[in-house]
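Down below is the structure, laid out as structure tokens.
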Amino acid sequence: MADMMALQTDYHSIPARTIVPMLRHVHPAGDDVERARQLLLDWEFVLAPESVAAAIYVAFEGRLRGNVNGLFIPAAERRHLRGMALTKVIGHLTAPGGEFGDDPIAGRDAVLLRSLEEAVAALREKLGGDMDRWQYGQPDYKHATIFHPLSRAAPAEIAARLTVGPLPRGGYSYTLNNTGGGDNQTSGASFRIIVDTGDWDRTVGSNTPGQSGDPDSPFYDNLFELWANDRFFPVFYSRDRVESVAAERWTMTPR
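So the numbering used here is basically just the index in the sequence shown, starting at one, shifted up by 15.
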């Protein structure tokens, strides 16, 4: 059960495991960019919410994809195409060809360096000058906020009651725990269940934000924090176990 819970909430980035080691032979001029490079090289490739290296990597990967696509897709065609898949980008970086210039390896390294410089500059503008505060999971970066369909049309006071979050998240669209490609998670698993068919009362699950559609109910958002922190709750099956945790009992009387 523990292994399955860990599997479903895994934030390990396989693309990062391939891309980051290429930075060993890149030599930035600026202190901030060099520090960012060292953080990535010392990183374990897990996009954890508290990780500064994860924040740098996601920004770096985004800039790198754009820059590599720029070499292969003519400017006039870029607005019509979504760009190459990340696997294709990694393939070109791993075995650089003439598109990178007369010296493909040096050209590839130059693209890596430029992408890292652009990522650091973007994060400085987005999160401030203190790199220690660049944690990946935060309201200004990777997070989860769930908006009610009426949130954006309702008055501010009502919208605040309807909206759930934000809370920090980890991962992205290329981790097993897929949390989407945007800063606010709008895709990925909102419900999970892991069943022990040998003992159904050991079943666990996660869900978000709650089981009630009524914002005045304590069950409107009571599961959100557990889900955002990749935790599971018991899903009991037997009558005795269900009744042991019952919060309410309703008696339905025919009229």
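Don't be surprised by glycine CBs; every beta carbon is placed ideally from N, CA and C. Since the model is a prediction, treat every value here as computed from it, not as a measurement.
Counting only the same chain and skipping the five closest in sequence on each side, list residues whose C-beta sits under 8 Å from that of residue i.
i: residue 67; result: 54, 146, 147, 149, 150 and 151
i: residue 272; result: Residue 272 lies beyond the range of the chain shown here (16 to 270); nothing can be said about it.
i: residue 120; result: 111
i: residue 124; result: 37, 40 and 41
i: residue 58; result: 31, 35, 66, 68, 69 and 72
i: residue 16; result: 209, 211, 217 and 219
i: residue 158; result: 152, 180, 181, 182, 183, 184, 198, 199 and 200
i: residue 47; result: 135, 139 and 146
i: residue 52; result: 38, 41, 43 and 131
Can you tell me whether DSSP reads residue i as helix, strand or coil?
i: residue 182; result: strand
i: residue 27; result: strand
Would you give the residue range spanned by the alpha helix (DSSP H) that residue i belongs to?
i: residue 71; result: 67-87
i: residue 55; result: 46-56
i: residue 107; result: 101-109
Keeping to the same chain, check which residues put their C-beta closer than 7 Å to that of residue i; ignore five residues upstream and five downstream.
i: residue 234; result: 225, 226 and 227
i: residue 130; result: 75, 78, 79 and 82
i: residue 137; result: 74
i: residue 229; result: 235
i: residue 188; result: 195 and 196
i: residue 128; result: 41 and 43
i: residue 26; result: 61, 62, 63, 185, 186, 190 and 192
i: residue 271; result: With the chain covering 16 to 270 only, the question about residue 271 has no answer from this structure.
i: residue 169; result: 177
Using DSSP's beta-bridge definition, name the partner residues of residue i.
i: residue 190; result: 28
i: residue 61; result: 27
In chain order, what residues of the same chain have a beta carbon less than 6 Å from the beta carbon of residue i, not counting five sequence neighbours either side?
i: residue 160; result: 180, 181 and 199
i: residue 177; result: 163, 166 and 230
i: residue 206; result: 222
i: residue 202; result: 195
i: residue 126; result: 82
i: residue 33; result: 105
For the ligand ZN, any of its heavy atoms closer than 7 Å to the Cβ of residue i?
i: residue 243; result: For the structure depicted, the ligand ZN is absent and the ligand set is empty, with no information on it obtainable.
Beta strand (DSSP E) segments (min. 3 residues) lying fully within the stretch 205-257: For the stretch 205-257, whole beta strand (DSSP E) runs of length 3 or above, ordered along the chain, are 206-209 and 219-222.
What are the start and end residues of each continuous beta strand (DSSP E) run of 3 or more residues lying completely inside the stretch 139-176, in chain order? List check, beta strand (DSSP E) in window: 158-161.
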